[in-house]
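To start, the structure under review is shown below, and the notes come after it.
Protein chains: 2
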Amino acid sequence: MPVAKGSTIDPERTRATIVHAATQVLYERGLDGIGVAELCARLGVSKETLYRHFGTKDGLVHAVLDTRSDRVIHWLTDTVSSSGDRPADQLTALFRALQGWYDGREFRGCALINAAAQHHTDAVRAIAARHVERYLELLTGIAKQAGADDPHRLALQLLILAEGATVVADHHGSARAGELACRAALALLAAAERS
Amino acid sequence: MPVAKGSTIDPERTRATIVHAATQVLYERGLDGIGVAELCARLGVSKETLYRHFGTKDGLVHAVLDTRSDRVIHWLTDTVSSSGDRPADQLTALFRALQGWYDGREFRGCALINAAAQHHTDAVRAIAARHVERYLELLTGIAKQAGADDPHRLALQLLILAEGATVVADHHGSARAGELACRAALALLAAAERS
DNA sequence: CTCAGATGGTACTGGTCGGTTCGATCCTGG
DNA sequence: CCAGGATCGAACCGACCAGTACCATCTGAG
């Protein structure tokens, strides 16, 4: 069956489908933990199609990481923006969302940070750095809204807590990592608001 | 020159030398970023010697990670124990040491965490988990000495800060990650001591 | 002095992996 | 109905890599 069974020919959709499916597989197995052949088999796509859309395996990896970063940032942004105006509530919602992620069976740490550890190249590290930057912007917004005297400092501390909780949840398996990071975050927030 | 230039034949020493040199190279290049052939060339060792000592490349990797974990834990333990009895001073010394590490040109994040991201196998993950566990023990000692009502909770939060600072320092390049994590740690410590 | 063991150097192997190519088949716009 | 593009499946290639084998050479103990 040269063309996807019932689906119409639509390169954009094919590409999006590949990216979406590859995101899961590459997160689960690691960037180098699966070859292009097996990857294509999993995705139900021929190698030629994959290479026509992404050029190289690295091309696919970059596309996957870019869209993953987008999805994560949007997910967290939505979580925060739909939890009211109070910074404390926003942080609680954010860390609660993270905790839910940690509790999932497929949790394997932050895909972007992991990717940078695996492919220590400028391109991948740049994607990871940009992801962290956007994460920081989100937290800076909360810190500013809280009226912290040094919102950038507070935001960076919140970022440290969020990333640290992710690492600890991954390697210590503590189901409380998100909750404990949340408590710490609220304590820092309260201190910043008092001054 | 079949035997190392001036050095005596001493398998134990040879093994230790290989582990020491490989630790740096594998940290810098990544576990899969260098082949056995090039690795041996860098170490000034023949492949046969390497395989006689470690069996497989994985064997070398495990030995490297084990000793690296030992070194890091001892380094931090010494840093803490040589900074007096007050928990606040101990934490300050610990995070100051971390900040010094972050500032080094060769800094690439935590080697153990990175390794687990690269080789997502039971063996490597177990080494990383054990490393985190020992890290936590060190911090639990400080938390207990501080008289925290829930030392395990405080220790886990300190661990989150330490690991988070390492990640942020790696991917955000902030020279302040260690300092800001330290401030947050001291705030949590003070709160725990008050109650 | 001699011999066993440790080591270096080199060549080789079997397998895997990224990437290419080709022909056949199926959609879709005109 | 037809032409062009998208896709599949499979074969293929060159490179690289982990691991093995062999031998010459060196060290150190007795």
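In order, the protein sequences belong to chains A and B.
The first sequence: position 133 = 133 (full-length UniProt numbering), numbered continuously.
The second sequence: position 109 = 109 (full-length UniProt numbering), numbered continuously.
Even for Gly, the Cβ is constructed at its ideal location relative to N, Cα and C.
Using the rule of at least 16 other Cβ atoms within 10 Å of the residue's Cβ for burial, across every protein chain shown, is residue i buried or exposed?
i: Val36(B); result: exposed
i: residue 196(B); result: Nothing can be reported for residue 196(B), as the shown portion of chain B is limited to 1 through 195.
i: His74(B); result: exposed
i: Ser181(A); result: The residue asked about is misnamed: residue 181(A) is Ala in this sequence, not Ser. Ala181(A) should be labelled buried.
i: Pro11(B); result: exposed
i: Asp170(A); result: buried
i: Arg176(A); result: buried
i: Arg105(B); result: exposed
i: Gly178(B); result: buried
i: Gly44(B); result: exposed
i: Glu163(B); result: buried
i: Ser46(B); result: exposed
i: Arg68(A); result: buried
i: Gly173(B); result: exposed
i: Ala41(B); result: exposed
Helix, strand or coil for residue i, going by three-state DSSP, please let me know.
i: Arg52(B); result: helix
i: Thr121(A); result: coil
i: Val45(B); result: coil
i: Gly178(B); result: helix
i: Asp85(B); result: coil
i: Glu38(B); result: helix
i: Leu138(A); result: helix
i: Leu154(A); result: helix
i: Asp58(B); result: helix
i: Gly164(A); result: helix
i: Arg15(A); result: helix
i: Phe95(A); result: helix
i: Lys5(A); result: Here Lys5(A) scores only 46 on pLDDT, less than 50, and its place in the model is too uncertain to base an answer on.
i: Asp10(A); result: coil
i: Leu65(A); result: helix
i: Arg105(B); result: coil
i: Ala126(A); result: helix
i: Asp149(A); result: coil
i: residue 198(B); result: In the structure as shown, chain B begins at 1 and stops at 195. Residue 198(B) is therefore absent and cannot be evaluated.
i: Ala112(B); result: The residue you asked about is not Ala; residue 112(B) is Leu in the sequence shown. It is helical.
i: Asp170(B); result: helix
i: Gly30(A); result: coil
Considering only residues of the same chain and omitting the five flanking positions on each side of residue i, which have a CB-CB separation below 7 Å?
i: Thr54(B); result: It is worth fixing the name first, because residue 54(B) is Phe in this sequence and not Thr. Closer than 7 Å at the Cβ level, and outside the excluded window around Phe54(B), lie Leu60 and Ala63.
i: Gly30(A); result: Gln118
i: Gly100(A); result: none
i: residue 240(B); result: Limits of chain B in this structure are 1 at one end and 195 at the other, which puts residue 240(B) out of reach.
i: Leu161(B); result: Ala181, Ala184 and Ala185
i: residue 204(B); result: It is not possible to answer for residue 204(B), since the shown part of chain B is limited to 1 through 195.
i: Asp66(A); result: Ile127
i: Lys144(A); result: Pro151
i: Tyr27(A); result: Arg108 and Ala111
i: Val168(A); result: Ser174 and Ala177
i: Asp32(B); result: Gln118
i: Leu39(A); result: Ala22 and Val25
i: Ala93(A); result: Thr79, Val80 and Ser83
Spatial neighbours of residue i within its chain, please: C-beta separation below 6 Å, excluding the five flanking residues on both sides.
i: Gln90(B); result: Val80, Ser83 and Ile142
i: Leu98(A); result: Gly178
i: Val124(B); result: Ala115 and Ala116
Between which residues of its own chain and residue i is the CB-CB distance below 8 Å, once the five residues before and five after are set aside?
i: Leu136(B); result: Ala155, Leu156 and Leu159
I'd like to know if the region 143-161 of chain A and the region 179-189 of chain A are in contact, where contact means that at least 3 CB-CB pairs between them fall below 8 Å. With the rule of 3 Cβ pairs closer than 8 Å, the region 143-161 of chain A counts as touching the region 179-189 of chain A.
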